[in-house]
Amino acid sequence: MSARLRSMLAHAAVPLLFSALCVFGAFVAHLSPEYLLREMLSRFGRNAVLVMSLLIPILAGLGLNFGIVIGAMAGQIAAIIVTVFGIGGPAGFALAWLLAIPIALLFGTGTGWLFNRAKGREMVTGLIAGFFANGLYQLVFLFAVGSLIPLKAPTLLLPQGYGLRNTVDLVGLQYAMDDLIPWKITLEGSLVRVPLVTFGIVGLFCAFNLFFQRTRLGQQLRAMGQDPHVAATAGIPVERNRILATALSTLFAAWGQLLFLQNIGTLNTYSSHEQVGMFSIAALLVSGATVSRATVGQALIGTILFHTLFVVSPLAGKALAGDAQIGEYFRVFVAYAVITVALVLHAWQKKRAG
Amino acid sequence: MSVTAPEPAAAPRGGIATAIREGVKEMGFPRLAIAAFVVILFGIAFATKMNVSSLVSDSLLRVGRNGLLVLALLPAIQGGVGLNFGLPLGILCGLVGCVVSLNFGVPGWGGLGLACGIGALIAWPVGVGYGWLLNRTRGQEMMVGTYLGFAAVSGMSIFWLLAPLRNPALVWAIGGRGLRTTLTLTGSFDHVLDGLGAFTIAGVKVPTGTLVLFIAACALVGLFFRTRAGITISAARSNPRFAKAAGISDEHTRTQATVFSTVLAAIGIVIFAQSYGFVQLYTAPLLMAFPAVACLLIGGGTLSRATLAHVLIGTFLFQTILTVALPVTSQVIQGDFSETARLIIQNGMILYALTRKVDR
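Following this line, the structure appears as structure tokens:
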């Protein structure tokens, strides 16, 4: 009994600690609940799907998929294509959503193939694969577009005539989903957008993840996550399923990035995707999820907690030390430290068990 | 005790085609591609009548500058810890050494020695702690090292902001607190090693001191792994059970290897700063481990095996590419192609090493 209570407390310790940090920060920076709610309404919708894209690989025992950066790139490629063709609004968003499918599945299959060649070090492979893919992405969009790949859109190209501009205005896509059912509420005297449709999509992803665990594939992935050797002897196609899990995760990340971009409205061509992996993973982990176990609820709670801290810490840093920079370094430190601690605990327990 | 070495490749049979295939296999395709890339870059440089001797001078400068950071990876691999992506831990210790030395305003050689000494002194206990952690997280050393390094760099960023230093040369002019992003070494130990015995031959400037130090450090590390302590470390790596039977704990030797690596990284960054002329704080050390790792892998190292030759060849090849790519490619295409090339080559090489089925 006491052991069970202790394990429950141990699971809740991490999210409790972060809640306390958020409350403390909000208190010293004199932030009102309305302000936080306003920030959360947009931040939650744009980040939740990205965080949820991490769940399936964890179920399959692949660990934290640092390769979702590659999925984010796939989403951006789709967003760039519809912007080039000037298709905006919900139709443009739907087209981007569809275009992202083949691109992300292709990238995801490639990543899964790499993971199969690097069993036991999938996480570091995913991290480096993300860096590598970033190089290829730069090669294509900074040098090939406009020179090798014909593109007649002077507003999108750099002055030299080739290479995409550093920021691409996604005017057509902005709020394509958030405003599909427009609803605004008044908070502290200003109108605040409530992205109902985006929340609906997040809900669908939650439902899918819950449903997925009950499907045949979901059960197979769970068996693989618990013991790949037993799963293989039971006739589960482990290597194929690992690729499937990675491809699905990559696809969800691509869709998640599209939701993110339609809320932000501008694409930082060469940097929007870079931090996706780190922030999504840190968000998942602050909820108390681990490298080998994470639930849909944890993904949602983690998104809210981490992004609250994200909003609060620069302001708290400014209030406490008179310097917002400290808070900015602090939140990056928290993200890295949370990931480090999760990795250490995971490896430590694994060593003890094996 | 004898450690069985892998059999040397059998003499090629059946004509030149097989010989070439064997040769490619022995060298590894990526290595050949990279060597070919270097040759092509120099070819373009000659064809477009660029100042090749200045390109060579810059390459030599960068080899010396980065050499020790690459060498710092060697003990970790010898000790069985794998690629030490936690290099920033050692680098941060070296940076603290630099800041302290600058704060006291010790000029020239004394400043350099003080920075190295303090860096190494702090790196020692840091390496012990890091090694202890790596022993408890076996199998995930690379990931733990990477993120521990990231966390340490961002944690130290807060420290640089809050550091209780008031030296006007180091802190921001406005506000009077918080260390600057880059500290200049002019008047301190700027280029003291680079300039030592430097000479110019055929238009090529040779930073003798730094290069000699790099090669001497390589020789010392090589010698160390021939001493009793060094052989113990390698033996525990190649056969932990056998070592245990001989009374060697591989936990102990792994920690020693990690300490060695961390201390070398601390000294490495001081030498880097000396040659660069600036000390870079805050996020600058964040990604420093990756190019160093790429150097070692390009030279022929793997996750579990590396030699001094790999360190030397890899540093020369990769640093030459990094130096030459920007000026040469800018003759042909606009925009900074070298950064993209660096990303692809560096991470492609690490990815190749991580996904090799046969880890020699």
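Residue numbers (numbering that gives the first Met the number 0), protein chains in the order written: chain A, 0 to 353; chain B, 0 to 359.
Ideal placement from N, C-alpha and C gives every residue a C-beta, glycine not left out.
Closer than 7 Å at the C-beta level to chain B, one finds no residue of the stretch 238-262 of chain A. Measuring C-alpha to C-alpha distances from Thr261(B) to each of Thr47(B), Ala242(B), Gly104(B) and Pro74(B) identifies Pro74(B) as the nearest. Straight through space, the alpha carbons of Trp131(B) and His345(A) are spaced by roughly 16 Å.
The Cβ of Ala150(B) sits closer than 8 Å to at least one Cβ of chain A.
Below the 8 Å Cβ cutoff, chain B contributes Val143, Tyr146, Leu147, Phe149 and Ala150 as neighbours of Thr339(A), in chain order. With a threshold of 16 other beta carbon atoms within 10 Å, Gln225(A) falls short and is exposed. Apart from sequence neighbours up to five positions away, the residues of its chain that approach Asp249(B) with a beta-carbon distance below 8 Å are Gly79, Ala235, Arg236, Pro239, Ala242 and Lys243, ordered along the chain. Distance from the CA of Arg221(A) to the CA of Arg215(A), rounded to the nearest whole angstrom, comes to 10 Å. Assigned with DSSP and collapsed to three states, Gln279(B) falls in strand.
Contact between Leu353(B) and Thr124(A) is confirmed by a C-beta separation of about 5 Å, below the 8 Å threshold.
Contact annotation for Asn346(B) against chain A: Ile127, Ala128, Gly129, Phe130, Phe131, Ala132, Asn133 and Gly134 [CB-CB distance below 9 Å, chain order]. By the rule that beta-carbons nearer than 8 Å mark a contact, Ala336(A) touches chain B.
Scanning chain B for C-beta atoms nearer than 8 Å to the C-beta of Phe332(A) yields Ala150, Ser153, Gly154, Ser156 and Ile157, reported in chain order.
Considering only Arg351(A), Gly60(A) and Leu299(A), the residue with the shortest C-alpha distance to Cys205(A) is Leu299(A). In chain order, Trp159, Leu160, Leu161, Ala162, Val170 and Trp171 place their CB closer than 8 Å to the CB of Gly177(B), counting only its own chain and leaving out the 5 sequence neighbours on each side. Interface annotation, Gln333(B): in contact with chain A, CB-CB separation under 8 Å. For Asp322(A), at least one C-beta of chain B is nearer than 8 Å to its own C-beta. In this structure, the CA atom of Pro32(A) is about 12 Å from the CA atom of Gly24(A). Residues of chain B whose Cβ lies closer than 7 Å to the Cβ of Gly60(A) do not exist; the shortest such Cβ separation is about 14 Å. Residue state for Asn64(A) is assigned as coil, using DSSP reduced to three classes. Relative to Phe309(A), the option among Val331(A), Thr289(A), His29(A) and Val295(A) whose CA is nearest is Val331(A).
Taking the Cα of Ala103(A) as reference, the smallest distance to any Cα among Gly66(A), Gly171(A) and Gly70(A) is reached at Gly70(A). Excluding its 5 nearest sequence neighbours in each direction, Ile76(A) has C-beta neighbours in its own chain below 7 Å: Ile102, listed in chain order. By the Cβ neighbour-count rule, Pro56(A) is buried, with 16 or more other Cβ atoms within 10 Å of its own.
Using a Cβ-Cβ distance cut-off of 8 Å, the stretch 268-278 of chain A and the stretch 230-247 of chain A are not in contact, since fewer than three pairs of beta carbons, one from each stretch, lie closer than that value. For Asp57(B), the enclosing alpha helix (DSSP H) stretches over residues Val51 to Leu70. Listed along chain B are Gly138, each with a C-beta nearer than 8 Å to that of Gly119(A). For Lys349(A), the residues of chain B that pass the 9 Å Cβ criterion are Thr136, Arg137, Gly138 and Gln139, in the order they occur in the chain. Taking a cut-off of 8 Å on C-beta distances, the stretch 248-256 of chain A touches the stretch 48-67 of chain A, as three or more cross pairs fall below it. 8 Å or more divides the Cβ of Thr231(B) from the Cβ of Ile214(B).
In the three-state scheme derived from DSSP, where H, G and I count as helix and E and B as strand, Leu285(B) is classed as coil. Selection Phe289(B), Leu263(B) and Thr136(B) evaluated against Ala352(A) yields Thr136(B) as nearest (Cα-Cα). Looking at the DSSP output, Lys204(B) bridges to Thr199(B). If you check the CB distance, Val292(B) and Leu94(B) do not come in under 8 Å. The Cβ atoms of Ile303(A) and Met122(A) lie no closer than 8 Å to each other.
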